[in-house]
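Colleague: Per mature numbering (1 follows the signal peptide of the UniProt record, and there is no 0): the sequence shown = residues -22 to -1, 1 to 174.
Even for Gly, the Cβ is constructed at its ideal location relative to N, Cα and C.
Before anything else, here's the structure in question.
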Amino acid sequence: MSRYILPLSLLSLSFISGSALAITNSAGGIISISGAISDTTCTINGGNSADMTVVLDPITVTDAGTTAATVISKNQKQFSLTFSDCAPASVPVSNLKLHFYSSSNISPSGLYLVNTSVNENDASVAKNVGFSLSKTSTPTTAIPLNVAFDTNLTGADTGGATGATLNLIASYYKTNATAAKVGLLQSNVIYTVSYL
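Have a look at this one:
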């Protein structure tokens, strides 16, 4: 049996070499594919779009202040996500969790979304303000976006047609001690739902 391994290996090596040459001499591109596997099915917001836009009223440079790593309480806005007909595949009594993704938009600390309207790493154009999400019970405490967020809603809460509503608050977030600069801010984050 070991006699057949060497010829097969050489054949594979010559195929790889020929393929590598063909790739370097031809036009083409990269196909990127992404997806996810979930342990649940859920209807979000009654089957309407699970995407949403939260528009905060403007704040002033003075409102932003100069205290770094701070949720700015001025002009916070509450928004809701309603989960219904959820069927957790694993443990129905476990809590529903939100997982946030968007590595380039979530700050290294995980506490805020980076302003994507300018290069915030360039001090000449940085606005020095981002966005945070908070629970309504603790509106000045940012939810860490780099770990699963436990909603405290169980499969029993979200299993029926009526479902359960999660209320969150979107806020401006002071990213550093440098004064804010006038201009537009924007960011986004992708979220998924699971009971893991």
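Note down the Cα distance separating N73 from S102, rounded to an integer number of angstroms.
Modeller: Their Cα atoms are separated by approximately 44 Å.
Colleague: Inspect the beta-carbon positions of T153 and Y90 and report whether they are closer than 8 Å.
Modeller: In this structure, Y90 lies closer than 8 Å to T153 by Cβ.
Colleague: Below 8 Å on the Cβ atoms is my guess for L131 versus A120; work out the distance and round it to an integer in Å.
Modeller: Actually they are not in contact, since the Cβ atoms of L131 and A120 sit about 20 Å apart, beyond 8 Å.
Colleague: Taking DSSP's pairing of strands, which residues face T132 in a bridge?
Modeller: DSSP lists N73 as partners of T132.
Colleague: Taking S81 and V92 to be in contact with their CB atoms under 8 Å, please state how far apart those CB atoms are, rounded to whole angstroms.
Modeller: Rounded, the Cβ-Cβ distance is 10 Å, inconsistent with contact.
Colleague: Spatial neighbours of K52 within its chain, please: C-beta separation below 8 Å, excluding the five flanking residues on both sides.
Modeller: So the qualifying residues of the chain are I37, D41, Y150.
Colleague: Buried or exposed: where does A155 fall if 16 or more other Cβ atoms within 10 Å of its Cβ makes it buried?
Modeller: Under this definition A155 is an exposed residue.
Colleague: Report yes if the CB atom of K105 is closer than 8 Å to the CB atom of G141, and no otherwise.
Modeller: Against a cut-off of 8 Å, the Cβ pair of G141 and K105 comes out as no contact.
Colleague: Sort F57, F109, N99, T21 by Cα distance to M30 and report the nearest one.
Modeller: When each option's Cα is compared against that of M30, the closest is F57.
Colleague: Run the CB neighbour count on L59, radius 10 Å, all protein chains shown included, and call it buried at 16 or more, exposed below.
Modeller: Looking at its Cβ environment, which holds 16 or more other Cβ atoms inside 10 Å, L59 is buried.
Colleague: Is the Cβ-Cβ distance between T118 and Q164 less than 8 Å?
Modeller: No, the pair does not count as a contact, with Cβ atoms beyond the cut-off.
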